[in-house]
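Please read the structure below before turning to the comments.
Residue numbers (this note's numbering), protein chains in the order written: chain A, 85 to 350; chain B, 85 to 350; chain C, 85 to 350; chain D, 85 to 350.
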């Protein structure tokens, strides 16, 4: 009998792209709030979601350095499980509920990509970097304090797709404003059988469920954010028309569940 | 309405990890036939397949440099679509039919990874190289002729998982012996909803269908093949006990269909 | 006693970034001839070179897939020695001699980078791709014949710095026009001692010497070439004002010597 | 006139592999003290250094996540300047002075590689990872406290060359024991002119000079360290016979000078 939560399944279950849930995460985040054209944003929403009538066009871009572990000390194998990520969340509505939808997300690691697909995050590979804050004082340390600057960028297949710059201004006690909507994704797994290429085997609107979310050391400040045009990508269609607050924080949570909102393949 | 054969789906359908079928491929291959322990090999076969009673333990390892295109001149964007691959095929039986099963496969490209998952190939990321044959004469050219040597290797997350060496001896008119079994895979897409982690949304035994397969410039010769032990991998459990022929050839085919043999999730 | 042609030197001499000369190379090339602003080009020439009075502004951009070997079958270790390269050559004059000068060059391999520095090629790391021509017929094969299209690109640190497209029109018997100037480089190795940061330990104008150069399968055709603006790069200052011929060929040569034209550090 | 501290030099000096000194660094370090065979270690020492008569065979291996900046806010371009590093330092003697010599060092960034060569660090490219400590509490956070475990690894060209594991036991007020020797390197830049391949243009024994070194949050603990055998490398000849203390700390310093001890090329 083959074991493993994901492919490849094997006799010992040690070769799977991802270990089984629960999945535990801790990260540093450089983020920027922005407003894109509501008439563009609405065309990125999947079946089942509508523009948020009050905030359509409002969005957030985040660059994350992630550490991941399952139940087998995976954090001790950083070459396999540590990763970097960039994504955008668009304000949307599911019925009357205010939610966030992720049209694009990039990671530099196959285990993260596999988990993402299973969660409905439409991950592709990218190369993502953020200025880090180090403990040893230096012009290179980027301490978390007023006036410190953080740069971030994301690239895919050798094209820059996003750059950000955040200058910290003040510590914020309640960061809820940036993390107050549940994330809604689409789990989507295509068929290849002739005649069924447009009839996916899995097509579910799902809501992320996170346990024990902790957000610490949240600072806000001034920001810049750009989405350069790139071949084979459509992120630039969501380019910022107006920039809101920048922020830098650390966040952790665990994942072992997912709520299926609607099943379109049924 | 969102477009795209795979995630991420977008207004113009240009951001999907893979364009829709038909998919066209052309490759150079360095391969090695080998025999592993039949008692090990049987434990790698999925539900629905059994050891081939006549050839259990017989297998082939292949390293491939691939060029891919869909219908939109994707071959002109090699930074996005060209890729390298390593995989193993194990002899197996589906009922009375002799088939080949792929327990492990590695690629260095996200578009290839996405297509692989949809086909049932359990792709993870790797770094794969083979000695190439160049037209301009040189000690560095590796011409396709008797005595030429080709090296190949595959690594995952910084660990070497396979190395091969092939010395060409003779041109072979009919390479059927290496490509005479259809490939049978498992399409597998996990659920994350609590209580259903062991109940995949998709779990199908499928048979690959390839159109217009062409194999040219097939040479066979002597070979070496090794699968070093690696953390987080199980390939080494299929390490060669005996090495057969090595070979080097070029192969092309197209894909636009897949045959579902059994649906275990139904 | 430590052995090795380059750092790191070690007891057995097996760890050096590059084996000693002679170095043998074979490659496939996608190239584009172009004219940039002569007033820009002249500012890129080093001490000792002047604009070619007849052709200033004329240049060529090349994308190369290289196979390298020394005397120890290095071509059998493609993971360590195979590489891709992008560079620009500017027409220039050394005294009365027509030469080519390389202002920028990018490779994806440390052994190639080390050899480049020693030759005076100012290599940085990049990610370079070209459409390849495969033997097995397919829409993905890109055969070398009239009408075939080849794409190429180069990126550095996640920014696209060059893209090219070549459509083959005709086979050319004598490709000398593209390779009729010796390449002149600057070997440059900085000092770090205080007060000597502007006083390099090595600063030599040198001329490349290649043995047994062979150029085969040379085709010319139509071309496009772009150098997008990129942070931390200056290639875009040499952007094409006019595009000449595109070409695709294979080239080999060996290197075991270098001619020092002028020593500015003496 | 061309500008730039290193190649490539250009009209604006913005394309150089490295900006000019002063260079500022801040890092997190996972390190392991060990003893290798003194009879092996002595063969790795360059001309001008001898085994330390009291400690020959004593060494330290370090894995570092580095942030770098020059004077132009380079830390805001992490995609170009942030990097990871692995190196070994061997106890040695220069005359009567106790020093540390670096036989092998690997980085994942070309700017760091260029600076390294100029400093005499014999850098090659590698892939290096360490478990990081994140601020948001989680099973994935690896806080700096007693009992926390940190993994680290280094690979080159797809081969694992080093793995380490450190379990923190106690905070150490004075970490001098790990950083009490100046580092002595060899600046080495080869010639390619025929007949002079063994006659480097630069061959200097040099001592690193660091300003404002700060070491903070130093914890020591139990450790494991392995150097697996790898083709094209000789690190495994320095494999640990006995493991000493593991440690985890943060370190910063600046560099703008280098002391030349002996010039063997003069």
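Just so you know, even glycine gets a beta-carbon here, dropped at the ideal spot from N, CA and C.
| query | result |
| --- | --- |
| So is residue 136 of chain C in contact with chain B if we call contact Cβ pairs under 8 angstroms? | no |
| Counting along the chain, where does the alpha helix (DSSP H) carrying residue 194 of chain B start and finish? | 194 to 203 |
| Have a look at A/142, A/105, A/297 and flag the residue whose alpha-carbon is nearest the alpha-carbon of residue 123 of chain A. | A/142 |
| Assign residue 283 of chain A to buried or exposed, taking buried as 16 or more other Cβ atoms, counted over all protein chains shown, within 10 Å of its Cβ. | exposed |
| Quick one: residues in its chain with C-beta nearer than 7 angstroms to the C-beta of residue 102 of chain D, no 5 flanking neighbours on either side, listed in chain order? | 89, 90, 195, 198, 199 |
| Go through its chain and collect everything with a Cβ distance to residue 228 of chain D's Cβ below 8 angstroms, but skip five positions before and after it. | 217, 252, 301, 303, 332 |
| Give a yes or no on whether the minimum CB-CB distance between residue 283 of chain D and chain C is below 8 angstroms. | no |
| Between which residues of its own chain and residue 334 of chain A is the CB-CB distance below 6 angstroms, once the five residues before and five after are set aside? | 112, 300, 301 |
| Against chain B, does residue 190 of chain C count as a neighbour if the rule is that its beta carbon must be under 8 angstroms from one of theirs? | no |
| Is there a Cβ of chain A sitting closer than 8 angstroms to that of residue 242 of chain C, yes or no? | yes |
| Among the candidates D/165, D/120, D/290, D/157, whose CA atom is the shortest distance from the CA of residue 178 of chain D? | D/290 |
| Where does residue 364 of chain A fall in DSSP's three states? | Chain A is shown only over 85 to 350; residue 364 of chain A falls outside these bounds and no answer can be derived. |
| Can you pull the DSSP bridge partners for residue 235 of chain B? | B/249 |
| With residue 275 of chain A and residue 285 of chain A assumed to form a contact (beta carbons below 8 angstroms), what rounded beta-carbon distance in angstroms separates them? | 5 angstroms |
| Quick check: the stretch 204 to 220 of chain B against the stretch 308 to 328 of chain C, are there 3 or more CB pairs under 8 angstroms? | no |
| Distance, Cα to Cα, residue 126 of chain B vs residue 245 of chain B? | 21 angstroms |
| Reducing DSSP to helix, strand and coil, say where residue 176 of chain B ends up. | strand |
| Taking only the alpha-carbon atoms, compute the straight-line gap between residue 257 of chain A and residue 118 of chain A and give it to the nearest angstrom. | 21 angstroms |
| Thinking just about the alpha-carbon of each residue, which of B/296, B/116, B/120 is nearest to the one in residue 319 of chain B? | B/120 |
| Run through DSSP, which three-state label would residue 127 of chain D get? | helix |
| Would residue 334 of chain D count as contacting chain B if we go by Cβ distances under 8 angstroms? | no |
| Residue 178 of chain A versus chain B: which residues are under 9 angstroms apart at the beta carbon? | Per Cβ cutoff of 9 angstroms: no residues; residue 178 of chain A is ~16 angstroms from chain B at best. |
| Tell me where the beta strand (DSSP E) around residue 164 of chain D begins and ends. | Premise fails: residue 164 of chain D lies in the alpha helix (DSSP H), 162 to 165, not in any beta strand (DSSP E). |
| Thinking C-alpha only, which one of D/95, D/86, D/297, D/115 is nearest residue 307 of chain D? | D/115 |
| What does residue 291 of chain D pair with, by DSSP beta-bridge criteria? | D/268, D/343 |
| State the beta-bridge partners of residue 306 of chain C as determined by DSSP. | C/251 |
| Whole angstroms are fine: how far does the CA of residue 233 of chain A sit from the CA of residue 249 of chain A? | 7 angstroms |
| Relative to chain B, which residues along the stretch 152 to 167 of chain A have a C-beta separation below 8 angstroms, given in chain order? | 161, 163, 164 |
| Residues in its own chain within less than 7 angstroms of residue 136 of chain B by CB, not counting five upstream and five downstream? | 175, 176, 177, 182 |
| In chain B, which residues lie less than 7 angstroms from residue 249 of chain C when you measure between Cβ atoms? | 160 |
| Nearest to residue 149 of chain A by alpha carbon, out of A/100, A/162, A/230, A/346? | A/162 |
| Taking the alpha-carbon of residue 243 of chain C as reference, which of C/339, C/104, C/100, C/311 has the nearest alpha-carbon? | C/311 |
| Do the CB positions of residue 287 of chain B and residue 348 of chain B come within less than 8 angstroms of each other? | yes |
| Going along chain C in order, which residues have a C-beta closer than 7 angstroms to the C-beta of residue 110 of chain A? | Going along chain C, no residue has its Cβ under 7 angstroms from residue 110 of chain A, so there is no contact; the nearest lies around 25 angstroms. |
| Measure the C-alpha to C-alpha separation of residue 164 of chain C and residue 346 of chain A and round it to an integer number of angstroms. | 50 angstroms |
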